[in-house]
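Asks: Quick one: the structure is below, and I'll ask about it shortly.
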């Protein structure tokens, strides 16, 4: 992953031949996925950019290659953990910026089958995801700090080594293009159906000198090849050309994401602790309740959450990560239908609440629990029934004349059109309680008319 946010924006580069994009319904229905960053850097255990940060040479970095033997690798465990947390797709880093490949690529010797482990890792991952009914995603780094034809730039570990730069000044990006395209072809022809590709990343306009973009990757041809091999696969926006979805990283958008004024499909990719790869001494973990609020907030704005885990050098999930995933799973088991297949609502949620909606079901996610009464603007006369989602216990509406004055023991009326719900004093034992509202037919039609252009169903 990158070390700073990749903000979606208009792409000025040439685009590939216009064709209908693949169907995104499964993606906008799933809403929640797992990212897995894993590779040689997991042995270093101090951030996936360790080679860049510490300006390690290939020779210095080789120690991780020579000792890579993940005897606890169990992709079935990963897939089960993802599914139990409420995730419906998993994305694996097949090659990160260090250039190390987790599959038996015919185009390089810098691959897992030449390490002490000696076996392909991607095939078992794909099979494990399919066995759990999860969609399969593959990450592939466009950057490669190991490849002999990748021109040195401001991201390269040897960026400050003048002798190295002089000795390698004649590197030809066109040779690297052939390698890149060939490896993507391998990934799309060796493991059956792939549902999702995450490329990382273009930086021609970023702060690093020598930055690279779609011309360097030959992104138009790359996307044509992908569409020829697997037309259905969803591709992100980091080739430098528009993709099927955009990818805000390490921040929560303040509202629905748009390009040229039109809503777009988007997915926020987030870490548990600020590092993508296994980072042994990092204690900056987000709490489960914060992550649940981030998931809800994203769906309320039409987006997905791709939440990352970084297995350790032996291939096991970090116990700190599994505790967090278990807590998220406890919430999703009770509240999944307020997320799965849901998107934004045209109704305006009150402060400290988020709305998600699917058809005639409007879900009120309470980030704070109010005392006794919840006031919902614009919903008076539009709700057939209300209940807490965790236990299906009824929530009673309270009818108050809007003109009634407030007195010492009676609250005053709310603005016309406000629905007031009487809620229990005791907050449900869950990080984010949810109230499920069943809208009447007219309210449902009104909401659908308002949100018709929001890309929540492909």
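Residue numbers (my numbering): 1 to 458. Here a beta-carbon is modelled for each residue, glycine too, at the ideal position from N, C-alpha and C. These numbers come from a predicted model, not from an experiment.
Between the C-alpha atoms of residue 199 and residue 332, what's the straight-line distance to the nearest angstrom?
Replies: Locating residue 199 in the chain shown gives position 199, counting from the first residue. Locating residue 332 in the chain shown gives position 332, counting from the first residue. Spanning the two alpha carbons is a distance of roughly 29 Å.
Asks: Do three or more CB pairs link the segment 366 to 374 to the segment 420 to 428 at distances below 8 Å?
Replies: yes
Asks: So, using beta-carbon positions, are residue 356 and residue 309 closer together than 9 Å?
Replies: Within the chain shown, residue 356 is the residue found at index 356, counting from 1. Within the chain shown, residue 309 is the residue found at index 309, counting from 1. The answer is no: Cβ separation not under 9 Å.
Asks: Quick check: the Cα distance between residue 223 and residue 344, rounded to an integer number of angstroms?
Replies: Within the chain shown, numbered from 1, the residue matching residue 223 stands at position 223. Within the chain shown, numbered from 1, the residue matching residue 344 stands at position 344. One C-alpha to the other measures close to 30 Å.
Asks: Have a look at residue 8 and residue 144 and give me their C-alpha separation to the nearest angstrom.
Replies: Residue mapping note: residue 8 aligns to position 8 of the chain shown, counting from 1. Residue mapping note: residue 144 aligns to position 144 of the chain shown, counting from 1. At residue 8, the pLDDT of 37 sits below 50, so the modelled position is not reliable and the matter cannot be decided from this model.
Asks: Scan the segment 342 to 396 and note each continuous alpha helix (DSSP H) run of 4 residues or more that stays entirely inside, going in chain order.
Replies: none
Asks: Short check: CB of residue 307 to CB of residue 270, under 9 Å?
Replies: One-based indexing of the chain shown puts residue 307 at position 307. One-based indexing of the chain shown puts residue 270 at position 270. Yes, Cβ-Cβ distance for residue 307 and residue 270 is below 9 Å.
Asks: Mind checking who residue 480 pairs with in its DSSP beta bridge?
Replies: Summary: the structure shown does not reach residue 480, with the chain confined to residues 1 through 458, and so no result is reported for it.
Asks: From the DSSP output, in three-state form, read off residue 41 for me.
Replies: What you label residue 41 is simply residue 41 of the chain shown in a count that begins at 1. Of the three classes helix, strand and coil, the one that applies to residue 41 here is helix, per DSSP.
Asks: Using DSSP with H/G/I as helix, E/B as strand and the rest coil, what is residue 187?
Replies: Taking the first residue of the chain shown as 1, we reach residue 187 at position 187. It is helical.
Asks: Where in the segment 181 to 266 do unbroken runs of the beta strand (DSSP E), each at least 3 residues long, occur, reported from the N-terminal end onward?
Replies: Complete beta strand (DSSP E) runs here, min 3: 196 to 200.
Asks: Report the residue from 167, 186, 243, 174 whose alpha carbon sits nearest the alpha carbon of residue 201.
Replies: Stepping through the chain shown from its first residue, residue 201 is reached at position 201. When only C-alpha atoms are compared, the closest one is 243.
Asks: Identify the residues that DSSP records as bridge partners of residue 438: which are they?
Replies: Here residue 438 refers to the residue found at position 438 when the chain shown is read from its first residue. DSSP, once it has assigned bridges, lists 361, 385 as partnering residue 438.
Asks: Would you say residue 292 touches the ligand NAD, meaning its beta carbon is less than 8 Å from a heavy atom?
Replies: Although the ligand NAD was asked about, the structure shown includes no ligands whatsoever.
Asks: How far does the alpha helix (DSSP H) with residue 165 in it extend, from its first residue to its last?
Replies: As a first step, residue 165 is located in the chain shown; it is residue number 165 there, counting from the start. Taken as a continuous stretch (DSSP letters only), the alpha helix (DSSP H) holding residue 165 covers 162 to 167.
Asks: Going by DSSP in three states, residue 420 sits in which element: helix, strand or coil?
Replies: Taking the first residue of the chain shown as 1, we reach residue 420 at position 420. Strand, per DSSP.
Asks: Just verifying my parser: in three-state terms, what is the DSSP assignment at residue 414?
Replies: Looking up residue 414 in the chain shown gives position 414. Annotated three-state conformation of residue 414 is coil, per DSSP.
Asks: So what's residue 111 in DSSP terms, helix, strand or just coil?
Replies: Working through the chain shown from its first residue, we reach residue 111 at position 111. It is a strand residue.
Asks: Is residue 105 helix, strand or coil by DSSP?
Replies: Numbered from its first residue, the chain shown carries residue 105 at position 105. Residue 105 falls in the coil class under three-state DSSP.
Asks: Are the CB atoms of residue 99 and residue 150 nearer to each other than 9 Å?
Replies: Here residue 99 refers to the residue found at position 99 of the chain shown. Here residue 150 refers to the residue found at position 150 of the chain shown. In this structure, residue 150 lies closer than 9 Å to residue 99 by Cβ.
Asks: So, with DSSP's three-state summary, where would you put residue 142?
Replies: Working through the chain shown from its first residue, we reach residue 142 at position 142. Coil, per DSSP.
Asks: Sort 82, 204, 438 by Cα distance to residue 394 and report the nearest one.
Replies: As a first step, residue 394 must be located in the chain shown, where it is residue number 394. Measuring from the Cα of residue 394, the nearest candidate turns out to be 438.
Asks: Could you tell me the alpha carbon to alpha carbon distance between residue 338 and residue 436, rounded to whole angstroms?
Replies: Residue 338 sits at position 338 when you count from the first residue of the chain shown. Residue 436 sits at position 436 when you count from the first residue of the chain shown. Their Cα atoms are separated by approximately 8 Å.
Asks: Measure how close the beta-carbons of residue 314 and residue 71 come, nearest whole angstrom, since I'm counting them as under 8 Å.
Replies: Against the chain shown, residue 314 aligns to sequence position 314. Against the chain shown, residue 71 aligns to sequence position 71. About 6 Å separates the two Cβ atoms, so the contact holds.
Asks: Among the residues of its own chain, which have a CB less than 7 Å from the CB of residue 44, if the five just before and after it don't count?
Replies: Residue 44 sits at position 44 when you count from the first residue of the chain shown. The answer, listed in chain order, is 50, 64.
Asks: Identify, in the order they occur along the chain, each residue of the same chain with its Cβ nearer than 8 Å to the Cβ of residue 253, setting aside the five sequence neighbours on each side.
Replies: Reading the chain shown from its first residue, position 253 is the one you call residue 253. If we look at residue 253 and ignore the five residues flanking it on each side, its Cβ neighbours are 266, 268, 298, 301, 303.
Asks: Tell me which residues share the same chain as residue 22 and place their Cβ nearer than 7 Å to its Cβ, disregarding the 5 neighbours each side in the sequence.
Replies: For the purposes of this step, residue 22 is taken as the residue at position 22 of the chain shown. The residues are 231, 232, 233, 234, 244.
Asks: Expressed to the nearest angstrom, what Euclidean distance is found between the alpha-carbon atoms of residue 195 and residue 351?
Replies: Position 195 of the chain shown holds residue 195. Position 351 of the chain shown holds residue 351. In a straight line, the C-alpha of residue 195 is about 37 Å away from that of residue 351.
Asks: Among all the DSSP beta bridges, which residues are the ones paired with residue 137?
Replies: Locating residue 137 in the chain shown gives position 137, counting from the first residue. 91, 196.
Asks: Does the count of Cβ pairs from the segment 99 to 111 and the segment 156 to 167 closer than 8 Å reach three?
Replies: With fewer than three CB-CB distances shorter than 8 Å, the segment 99 to 111 does not count as touching the segment 156 to 167.
Asks: May I have the straight-line CA-CA distance separating residue 459 from residue 58, to the nearest angstrom?
Replies: A question about residue 459 goes unanswered here, because the residues of the chain that appear run from 1 up to 458.
Asks: Is it buried or exposed for residue 447, if we count other Cβ within 10 angstroms and need 16 for buried?
Replies: By one-based count along the chain shown, residue 447 stands at place 447. Buried, because 16 or more other Cβ atoms sit within 10 Å of the Cβ of residue 447.
Asks: With DSSP as the reference, label residue 9 as helix, strand or coil.
Replies: For the purposes of this step, residue 9 is identified with residue 9 of the chain shown, where counting begins at 1. Reliability fails at residue 9, whose pLDDT of 36 lies under 50, so the model's placement of it is uncertain and the value that follows must be treated cautiously. Coil at residue 9, not helix or strand.
Asks: Report buried or exposed for residue 459, applying the criterion of at least 16 other Cβ atoms within 10 angstroms of its Cβ.
Replies: Residue 459 cannot be examined here, being either before or after the span of the chain that is shown, 1 to 458.
Asks: Can you tell me which of 179, 61, 140, 402 puts its alpha carbon nearest to the alpha carbon of residue 42?
Replies: What you label residue 42 is simply residue 42 of the chain shown in a count that begins at 1. Checked all of 179, 61, 140, 402; the closest Cα to residue 42 is 61.
Asks: With a cut-off of 8 Å, do at least 3 Cβ pairs link the segment 133 to 140 to the segment 78 to 86?
Replies: Counting C-beta pairs closer than 8 Å gives three or more between the segment 133 to 140 and the segment 78 to 86, which meets the contact rule.
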